[in-house]
Amino acid sequence: MRFVGFLLLFLVAALPLRAEEVLAGLSQKQLSLTVNFEGSEILVYGAVRREAPVPEDSELHVIVTIEGPPAPAVIWRKARRLGIWMNVESMRIRAAPSFYAVASTGPLEGILSMDADLRHRISTRLAIFEAREDADVSNPAAFSEALIRIRKQEDLYQALESQVTLDRETLFNTTISLPKNLVEGSYATRVFLVRDGAVIDRFDTEIDVQKAVLERWLFNMAHEQPFWYGLLALGLAVFFGWGASAAFRVLRT
Amino acid sequence: MQVYLPIAEISVNAFLLLGVGGGVGLLSGMFGVGGGFLITPLLFFIGVPPAVAVATGVNQVVASSISGVLAHLRRKTVDLRMGVVLLAGGMVGSGIGIWLFNLLSRLGQIDLVVQLSYVLFLGIIGLLMLQEGTRALLRARNPAAPRRKLHTHTWVHNLPLKMKFRASGLYISVFPPLGIGMGVGVLAAIMGVGGGFIMVPAMIYLLGMPTKVVVGTSLFQIMFVAAFTTMMHAVTNQSVDVLLAVFLILGGVIGAQVGARMGLTLRPEMLRILLALLVLAVCGKIGFDLLWTPAELYSISAPRGV
Numbered sequence: 016m017r018f019v020g021f022l023l024l025f026l027v028a029a030l031p032l033r034a035e036e037v038l039a040g041l042s043q044k045q046l047s048l049t050v051n052f053e054g055s056e057i058l059v060y061g062a063v064r065r066e067a068p069v070p071e072d073s074e075l076h077v078i079v080t081i082e083g084p085p086a087p088a089v090i091w092r093k094a095r096r097l098g099i100w101m102n103v104e105s106m107r108i109r110a111a112p113s114f115y116a117v118a119s120t121g122p123l124e125g126i127l128s129m130d131a132d133l134r135h136r137i138s139t140r141l142a143i144f145e146a147r148e149d150a151d152v153s154n155p156a157a158f159s160e161a162l163i164r165i166r167k168q169e170d171l172y173q174a175l176e177s178q179v180t181l182d183r184e185t186l187f188n189t190t191i192s193l194p195k196n197l198v199e200g201s202y203a204t205r206v207f208l209v210r211d212g213a214v215i216d217r218f219d220t221e222i223d224v225q226k227a228v229l230e231r232w233l234f235n236m237a238h239e240q241p242f243w244y245g246l247l248a249l250g251l252a253v254f255f256g257w258g259a260s261a262a263f264r265v266l267r268t
Numbered sequence: 002m003q004v005y006l007p008i009a010e011i012s013v014n015a016f017l018l019l020g021v022g023g024g025v026g027l028l029s030g031m032f033g034v035g036g037g038f039l040i041t042p043l044l045f046f047i048g049v050p051p052a053v054a055v056a057t058g059v060n061q062v063v064a065s066s067i068s069g070v071l072a073h074l075r076r077k078t079v080d081l082r083m084g085v086v087l088l089a090g091g092m093v094g095s096g097i098g099i100w101l102f103n104l105l106s107r108l109g110q111i112d113l114v115v116q117l118s119y120v121l122f123l124g125i126i127g128l129l130m131l132q133e134g135t136r137a138l139l140r141a142r143n144p145a146a147p148r149r150k151l152h153t154h155t156w157v158h159n160l161p162l163k164m165k166f167r168a169s170g171l172y173i174s175v176f177p178p179l180g181i182g183m184g185v186g187v188l189a190a191i192m193g194v195g196g197g198f199i200m201v202p203a204m205i206y207l208l209g210m211p212t213k214v215v216v217g218t219s220l221f222q223i224m225f226v227a228a229f230t231t232m233m234h235a236v237t238n239q240s241v242d243v244l245l246a247v248f249l250i251l252g253g254v255i256g257a258q259v260g261a262r263m264g265l266t267l268r269p270e271m272l273r274i275l276l277a278l279l280v281l282a283v284c285g286k287i288g289f290d291l292l293w294t295p296a297e298l299y300s301i302s303a304p305r306g307v
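This is how it looks when you write it as structure tokens:
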């Protein structure tokens, strides 16, 4: 038994991958999309735990990603036909995160190797899964780029280079602001420790984004009992339409 | 104050929504139109997804037409028999419209078709109203000018299955009203409008109905077709946002009351010309967007039917 223990200790000490460990926390782990939700700031903070002295020959980097629930999408390209701009080509995306933010201590290309990026799917481009089988379009890459460009404009995709502050190679923090147009679901949050382009440790957690009670109820009803929901919509329309005009008639007399 | 819309899944300023509803209500009270043709494009501009805008637009039409229908029923200016025939056509048309809407969404052409229909119908109706309004204005200045004959029979009225419409004083085939009802039903489903702006001229010029029963009867038909279309959208697409509808309706009913007062102070010919210009402006804006090179050539949509 003691031998096994020694062996483990030896292994842990010898394994360069576990020489530094990351621990992280979030300012909020639950978010409620209430009627007056206007977006929210999430503070991601943490520390690097190490038993050995700080290696001097390489630089330590931290990357934080927050990924919203993925969903399939169709991207359309417009072109001029008979003088009118219309959708002519489309490409299916098997899954694209509804929200994706990457914050890092430096430019991603500079601190992360292609290999590590591919393995952990860190950069925005790799977080999107194209459906290559029906990609009969002329330039599939342009479609994925357009998706990223459009979502960036809506603040749904964010590349926050050099937005993570790393203090004395140990303490780090960053704030990521979630916009108001959030989809509900669980937002996977990952923290990566990177040295020499390779990921040496990662920490995974999630933020739970939920619609508030009334919104939740309406959404569920719309999808589970669409007939009754439709009647509710009509009932409200009749009530307000007729009620308001009746109220005005009373006011006038 | 922001509100999060549970179906549209965006958060919008509540006062903006009340303003849109109120502004459109003001115009509809002033001009006596439902206002659906303005609400739906305005919702596009705010960023509400087109499917939700169209479905919620028709829900709003139910609210804005109900008080009008009740008022007309009290005054007995509704041709119920004609209304029911139009309605039968409208239901069929709405069903076809919903089917077309879903098909076109899958093909990615729904936005184009909606925009083209807006340009086409608003353009035609706007020009007709403008011409009619200026003619009426000129006639008002010069009362000696000859008046036009109110209703002429053409071959469409003599198709089989003739029916008596007492309130309208007509004895015509049921096919023209069925066809008109159907056409308006299709438009209601695709464009998210009540269709009053097409129905009213069609009833006057194609059916030859007397003007006093036209507005009440068209409102009667529109209310039921809009209600039916709302149900269809709710059941097949789950795209009706009741929270959005409530804000639009609240703004709308208040605006309509104010508008109705303002409308009384303006001359009817002037009103018609103003409405025509407004319709043409909306038409021009949408048409311009179709012809002008868009800033972003790509767009994202959710896959349907999977």
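Chains as they are written, first to last, in this note's numbering: chain A, 16 to 268; chain B, 2 to 307. Where a beta carbon is used, it is the ideal one built from N, C-alpha and C, also for glycine.
The residues Gly-30, in chain order, have a CB closer than 7 Å to that of B:Gln-258 in the same chain once the five nearest residues on each side in sequence are set aside. Residue pairing of A:Trp-91 in beta bridges, as defined by DSSP: A:Ser-105 and B:Ser-300. Between B:Val-21 and B:Leu-43, the C-beta gap is smaller than 8 Å, which places the two residues in contact.
Within the region 119-138 of chain B, no residue places its CB atom closer than 7 Å to a CB of chain A. Take the alpha-carbon of A:Leu-127 and the one of A:Ile-81: they are about 17 Å apart. Within the region 171-236 of chain A, the complete beta strand (DSSP E) segments at least 3 residues long are 172-175, 180-182, 186-193, 200-210 and 213-226, listed from N- to C-terminus.
Of all residues in the region 228-247 of chain A, only Glu-230, Leu-233, Phe-234, Ala-237, His-238, Pro-241, Phe-242, Tyr-244, Gly-245 and Leu-247 place a beta-carbon less than 7 Å from a beta-carbon of chain B. By the neighbour-count definition (other C-beta atoms within 10 Å, threshold 16), B:Ser-95 is a buried residue. Looking at B:Ile-40, B:Val-59 and B:Leu-179, the one whose alpha-carbon comes closest to that of B:Val-85 is B:Leu-179. Pairwise C-beta distances place the region 220-240 of chain A out of contact with the region 127-147 of chain A, as fewer than three of them are shorter than 8 Å. Out of B:Thr-41, B:Leu-123, B:Thr-135 and B:Thr-237, the CA that lies nearest to the CA of B:Leu-272 is found in B:Thr-135. Shown here for A:Ser-105: same chain residues with a beta carbon closer than 8 Å to its own, the five before and five after excluded, namely Val-89, Ile-90, Trp-91, Arg-92 and Val-152 in chain order.
For the pair A:Met-236 and B:Leu-101, the Cα-to-Cα distance works out to about 25 Å. Chain A has no Cβ within less than 8 Å of the Cβ of B:Ser-95. About 7 Å separates the Cβ atoms of A:Ile-108 and A:Leu-162, confirming a contact at the 8 Å cut-off.
With 16 or more neighbouring CB atoms inside 10 Å of its own CB, B:Gln-61 falls in the buried class. Look at the region 87-98 of chain A: the residues with a C-beta under 9 Å from a C-beta of chain B are Pro-87, Ala-88, Val-89, Ile-90, Trp-91, Arg-92, Lys-93, Ala-94, Arg-95 and Gly-98.
At least one CB atom of chain A sits nearer than 8 Å to the CB of B:Asn-60. Here A:Pro-122 is exposed, its C-beta having fewer than 16 other C-beta atoms within 10 Å.
Listed along chain B, no residue sits closer than 7 Å to A:Ser-201 by beta-carbon distance, the nearest being about 16 Å off.
For B:Val-243, the chain A residues whose C-beta falls within less than 7 Å of its own C-beta are Leu-233, Leu-247, Ala-248 and Leu-251, listed in chain order. Between B:Val-247 and A:Gly-245, the CB-CB gap reaches or exceeds 8 Å. When DSSP states are grouped into helix, strand and coil, B:Ser-65 belongs to the helix group.
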